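A.B. asks: Protein chains in written order, with the working numbering: chain D, 1 to 203; chain R, 204 to 725; chain X, 726 to 1085.
The C-beta atom is built at its ideal place from N, Cα and C for all residues, glycine as well.
Because the structure is a prediction, the values reported are computed rather than measured.
1. Alpha carbons only, please: which of R/651, R/688 and R/687 is nearest the one belonging to residue 675 of chain R?
2. Taking only beta-carbon positions, decide if residue 788 of chain X is within less than 8 Å of chain D.
3. Is there a Cβ from chain X that is less than 8 Å from the Cβ of residue 481 of chain R?
4. List the DSSP bridge partners of residue 359 of chain R.
5. Might you give, ordered along the chain, the residues of its own chain that have their beta carbon closer than 6 Å to the beta carbon of residue 609 of chain R, omitting 5 neighbours on each side?
6. Three or more beta-carbon pairs under 8 Å between the segment 40-53 of chain D and the segment 170-181 of chain D, yes or no?
7. According to DSSP, which residues form a beta bridge with residue 670 of chain R?
8. Going by the beta-carbon positions, is the gap between residue 59 of chain D and residue 491 of chain R smaller than 8 Å?
9. When DSSP labels each residue in this structure, what does residue 850 of chain X get in the three-state scheme?
10. For chain X, find out if any of its Cβ atoms is closer than 8 Å to the Cβ of residue 91 of chain D; answer yes or no.
11. Just to confirm the assignment: which complete alpha helix (DSSP H) runs, minimum length 4, are found wholly within the segment 532-580 of chain R?
12. Report the neighbours of residue 1046 of chain X on chain R: residues whose CB is nearer than 9 Å to its CB, in chain order.
13. Contact criterion: CB-CB distance below 8 Å. Does residue 705 of chain R meet it with respect to chain X?
14. Please list, in chain order, the residues of the segment 540-556 of chain R that have any C-beta partner in chain X closer than 8 Å.
15. Answer yes if the segment 65-82 of chain D comes into contact with the segment 519-526 of chain R, meaning at least three C-beta pairs across the two stretches below 8 Å, and no otherwise.
16. In terms of residue numbering, what span does the alpha helix (DSSP H) encompassing residue 903 of chain X cover?
17. Quick one: which chain R residues come within Cβ less than 9 Å of residue 284 of chain D?
18. Name the two residues that bound the continuous alpha helix (DSSP H) containing residue 1031 of chain X.
19. Would you call the segment 1014-1022 of chain X and the segment 700-718 of chain R touching, i.e. three or more CB-CB distances under 8 Å?
20. Can you list, in chain order, the stretches of the alpha helix (DSSP H) that have 4 or more residues and sit fully within the segment 820-879 of chain X?
21. Find the residues of chain X that neighbour residue 40 of chain D, judging by a C-beta separation of less than 9 Å, and give them in chain order.
22. In chain R, what lies closer than 9 Å to residue 112 of chain D by C-beta?
23. Pull up the DSSP beta-bridge partners for residue 785 of chain X, would you.
24. I want to see whether chain D comes within less than 8 Å of residue 685 of chain R, judged by CB atoms only; does it?
25. Please work out which residues of its chain come closer than 6 Å, Cβ to Cβ, to residue 272 of chain R, disregarding the five sequence neighbours upstream and downstream, and give them in chain order.
26. Quick one: list the residues of chain X neighbouring residue 9 of chain D, beta-carbon separation under 7 Å, in chain order.
27. Output needed for residue 772 of chain X: all residues of its chain with C-beta closer than 8 Å, excluding positions within five of it in sequence on either side, in chain order.
28. Show which residues of chain X have a CB atom less than 8 Å away from the CB atom of residue 496 of chain R.
29. Ends of the beta strand (DSSP E) at residue 245 of chain R?
30. For residue 378 of chain R, count the other beta carbons within 10 Å of its own beta carbon; 16 or more makes it buried, fewer makes it exposed. Which is it?
31. Quick one: is residue 122 of chain D near chain R, going by C-beta distance under 8 Å?
32. For a contact defined as C-beta to C-beta under 9 Å, what are the partners of residue 721 of chain R on chain D?
33. Please classify residue 712 of chain R as buried or exposed, where buried requires at least 16 other C-beta atoms within 10 Å of its C-beta.
34. Tell me whether residue 377 of chain R sits in a helix, a strand or coil according to DSSP, three-state version.
35. For chain D, check one thing: does any of its Cβ atoms lie closer than 8 Å to the Cβ of residue 987 of chain X?
36. Which whole-angstrom value is the C-beta distance of residue 989 of chain X and residue 770 of chain X, which I expect to be below 8 Å?
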């Protein structure tokens, strides 16, 4: 069965970067073959999920202002369905970590992630969230949130332009569209490993 | 300005400082700079200002005992000193005798060591983060010295068992960032607030000690990202002041105009966030829409919307764009009718008047005592505009008004910023047509060394006075670089402003005090 | 005017006479069908309202709103519903399980109960008691209990504060709400909803009762807004104050119930306002212009009703997205010091007018 390609309105499939990761993911998930009925139900559910990602209002520093600008009249992520920003982690699907995470903030962030209801996604926005950014050599900054939570999409930039953030959100939509819902595991849920007494996820 | 430090002995320190305040009328404590003076010991430099004559002096106090450094407190003279001394304790380990609240400010309470000391180990193994929650003690310690010179510790309890304590933050609807306010409530009425900072403490000042002077400029935009130009301006000014660089007129004009554009950007965001916090989301979107116009103008020249990276030591990175003058004039014409629109949709609203008027009063004496500069201080009636008191660039040559009000409530703080936007446009219009020809960058040596000494320069940022203290030993990296946070005095004043008000007022006051958390935590 | 009771009597006779079902069975089948119909219309109306809000607020704010999911974004809310159905449902550890689970159901029951009183067309109303208005306000009060239990049962300090605010506000504003409705009942002479609509055949109440009816209508809109926790009175779930308020700890369908109930409550307020004050399904009749009246009668009643209700919903949305929020003590001030005395005076005024016959 051929690999199903996720469709984003008005942007051709080949114009997206990093199609290889997506195809590898799809092959992993579709390995055992897919039942037609279950497959179509999956598509309906994935359509619903990818078009209605509610993000948690979580912004620590400068990237947060660009996040607000994406939501405002000029760039408007409401067109994609993302406008509802819930304040409670239990009702949000997506945490866009915009800004630096410091050592003091790390337990708070992990707790927020744990409180979210499945299925949940994480986008690392900006250099600080991806790897520590300009503050990598500091004594109080976590070098990338993927040491704490599993990240789905990385949006580089300092701060990333609003167009880049919209592109990152569309990449997440594509990733959701190839997931399975009925009959099978999805994210091969990584168990955290303990390194030096600290729980981390394999990169 | 170059600092000529008066050194006070620790024995008479408290009485000498009291004399300075009462007799010489130095009622504004600008900042307390903690510093590791090497063999001399650990100490602080206090910068004071006389609000009537705008004269500034600096005092140095050093304790040679590095293991147990004690300096008498000045928090009984200047209320803002309490939180500034906590910061110095947190980063250097100097304990202040008589300060009722000697807890750490930015770092976790189980943090080992004092990071800004020169002998602190910065390697990654020593600075691992943990995912365990921080167990905070619910008492504070006050250190006092009795007659024989022995140190006593008194414990003050923070909460009683009956208190209803809620945490507002650190994750709270975006805008203001990650600040945690531990609030003791009595129904809807606030009894006390304990602010906990440090959730975005990135150690910028410590990182700058390893960077060369041009490299230190890179991080300034990320501190208070809404006064990005002013932050960098302050740091460039202090280095240029120390090196004695003469700037051309063109550079002065460009810097003034860019600063004012940044100020309009910041005040538009203030307006939008006020509206958002109060629930009027349409006004929020309108303000942000107009902010995009400012960003367009700045982006044409600097390339950045939020992080501008425009000034450097000796001038600017690049000359202004050829369309800059035309675009700025078009923008000024675009923005002027918008003020009427803001008045109609938000300012004139009766609900807003009920939410803001008479709420969150900060009196002038308290504003000066806490050191709340910027719009907050001006709303209380204190003339603290650095552009008028210690003019720099073109500010003494243009005509603009310093906006002050008298009541010090939320509505006045809000109106100050709305009127300041109009003044900024006025300043820009006076300057934009007359930018002289000249160099936009005075060439410097490839390796910049600053002569030995201590300097302090301040600039009027969007939310107050941004000052930079530079201590140089003649190297190519600074020995100590400190940024005066605009927001820290505001956060420390919140407790006093909000006693007896309601939770909804906490939101109004937080919105109008207009602090930005990365500026507080640095 | 098309009378829907033709359809209902036909269906009833189909069951009883043609198919020969006995009394019990035919009533049972009718009730089940009506129940399913109510829930379907409830859900569809909620979806339409949520979409309307997103688009209307976007247009107020110079932006576009949902555009990509289906042409002009019309399938956006369906995507939201699908997503909400598959979210993980939590049970908070130390929460009071019974209260935590029961609370969303109470809110929905109150809402659906009030919804069933609406009169959609001539002969098309589901619940039509002779004490209609009275029972309607009684059933809609169940929502208050639901909110309060949600806040208390979540074991979360924020939720408790917001639940208390919400409960106090809703209980206070019910007073003005009921007083306004009683003012209208005085003029119509009956509490039965279909009777109220019938009595407006020669002119809507807002024209017949002139001054006191207009005052009652405006006060009703303000009080109804507060009752539905919308607009400038949404302090209970004030997004920028106490995170998500009383429904912080709910996810998935539990949260979905609160979400839907909020929009439907707004619609119910609009529906009651248009039924009582603006004539419900009664077309606009101007006495004396018979030709005009005949043309108006061609437009079916349900179009009139929905048109009026959505017009009021649009006004409420406009108010919500323009004004900032009031503080809780200001909200209570407004009610007890201003709206309540005003409604009482209005009631007296209306009594005088009815007694002397000074109405149209």
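C.D. replies: Taking the coordinates as given:
1. Residue 675 of chain R sits at position 472 when you count from the first residue of the second chain. When only C-alpha atoms are compared, the closest one is R/651.
2. The sequence position of residue 788 of chain X within the third chain is 63, counting from 1. Yes, residue 788 of chain X lies at the interface with chain D (some Cβ there is under 8 Å from its Cβ).
3. Within the second chain, residue 481 of chain R is the residue found at index 278, counting from 1. For residue 481 of chain R, the answer is yes, since a Cβ of chain X falls inside 8 Å of its Cβ.
4. On the second chain, position 156 is the one that residue 359 of chain R refers to. Note: residue 359 of chain R sits in a beta bridge opposite R/343.
5. In the second chain, the residue the question calls residue 609 of chain R occupies position 406. Closer than 6 Å at the Cβ level, and outside the excluded window around residue 609 of chain R, lie 584.
6. yes
7. Along the second chain, one-based indexing puts residue 670 of chain R at 467. R/661 and R/687.
8. On the first chain, residue 59 of chain D is found 59 positions in, with the first residue counted as 1. On the second chain, residue 491 of chain R is found 288 positions in, with the first residue counted as 1. No, the Cβ-Cβ distance between residue 59 of chain D and residue 491 of chain R is not below 8 Å.
9. Counted from its first residue, the third chain places residue 850 of chain X at position 125. Reduced to three states, the DSSP call for residue 850 of chain X is strand.
10. If you number the first chain from 1, residue 91 of chain D lands on position 91. For residue 91 of chain D, the answer is yes, since a Cβ of chain X falls inside 8 Å of its Cβ.
11. 553-559 and 567-573
12. Locating residue 1046 of chain X in the third chain gives position 321, where the first residue counts as 1. Simply 483, 484 and 485.
13. As a working mapping, residue 705 of chain R is identified with position 502 in the second chain. Yes - at least one Cβ of chain X is within 8 Å of the one on residue 705 of chain R.
14. 548, 549, 552, 554 and 555
15. no
16. Taking the third chain and counting its residues from 1, one reaches residue 903 of chain X at position 178. 882-913 is the extent of the alpha helix (DSSP H) around residue 903 of chain X.
17. Outside the shown range of chain D, which is 1 to 203, sits residue 284 of chain D, and nothing can be said about it.
18. Counting from 1 along the third chain, the entry for residue 1031 of chain X is found at position 306. First-last of the alpha helix (DSSP H) with residue 1031 of chain X: 1026-1047.
19. no
20. 822-840, 857-865 and 867-878
21. The residue you call residue 40 of chain D lines up with position 40 of the first chain. Near residue 40 of chain D there are no residues of chain X at all, since even the closest Cβ is about 14 Å away, more than 9 Å.
22. The residue you call residue 112 of chain D lines up with position 112 of the first chain. Per Cβ cutoff of 9 Å: 374.
23. Position 60 of the third chain, counted from the first residue, corresponds to residue 785 of chain X. BP columns for residue 785 of chain X are empty, so no partner.
24. As a first step, residue 685 of chain R is located in the second chain; it is residue number 482 there, counting from the start. No, no contact with chain D.
25. Residue mapping note: residue 272 of chain R aligns to position 69 of the second chain, counting from 1. Excluding positions up to five away in sequence, the list reads 245, 266 and 297.
26. Residue numbering aside, residue 9 of chain D sits at position 9 when the first chain is read from its first letter. Neighbours of residue 9 of chain D on chain X, chain order: 793.
27. Counted from its first residue, the third chain places residue 772 of chain X at position 47. 802, 803 and 806, listed in sequence order.
28. Working through the second chain from its first residue, we reach residue 496 of chain R at position 293. The contacting residues do not exist; residue 496 of chain R stays about 13 Å from chain X at best.
29. The residue given as residue 245 of chain R occupies position 42 in the second chain. That run of the beta strand (DSSP E) goes 245-252.
30. By one-based count along the second chain, residue 378 of chain R stands at place 175. Residue placement at residue 378 of chain R is poorly supported in this model, since its pLDDT is 49, which falls under 50; the coordinates still yield a value, given next. So residue 378 of chain R ends up on the buried side.
31. As a working mapping, residue 122 of chain D is identified with position 122 in the first chain. Taking Cβ atoms only, chain R never reaches closer than 8 Å to residue 122 of chain D, which makes this a no.
32. Counting from 1 along the second chain, the entry for residue 721 of chain R is found at position 518. Here the neighbours are 60, 61, 62, 99 and 100.
33. Counting from 1 along the second chain, the entry for residue 712 of chain R is found at position 509. Answer is buried; the Cβ neighbour count reaches 16.
34. Against the second chain, residue 377 of chain R aligns to sequence position 174. Residue confidence is low: residue 377 of chain R scores 47 on pLDDT, short of 50, so the model does not pin down where it sits. Its coordinate-derived value is still stated next. Residue 377 of chain R falls in the helix class under three-state DSSP.
35. Counting from 1 along the third chain, the entry for residue 987 of chain X is found at position 262. With 8 Å as the cut-off, residue 987 of chain X does not count as an interface residue toward chain D.
36. Here residue 989 of chain X refers to the residue found at position 264 of the third chain. Here residue 770 of chain X refers to the residue found at position 45 of the third chain. At roughly 7 Å, the Cβ-Cβ gap stays under 8 Å, so residue 989 of chain X and residue 770 of chain X are in contact.
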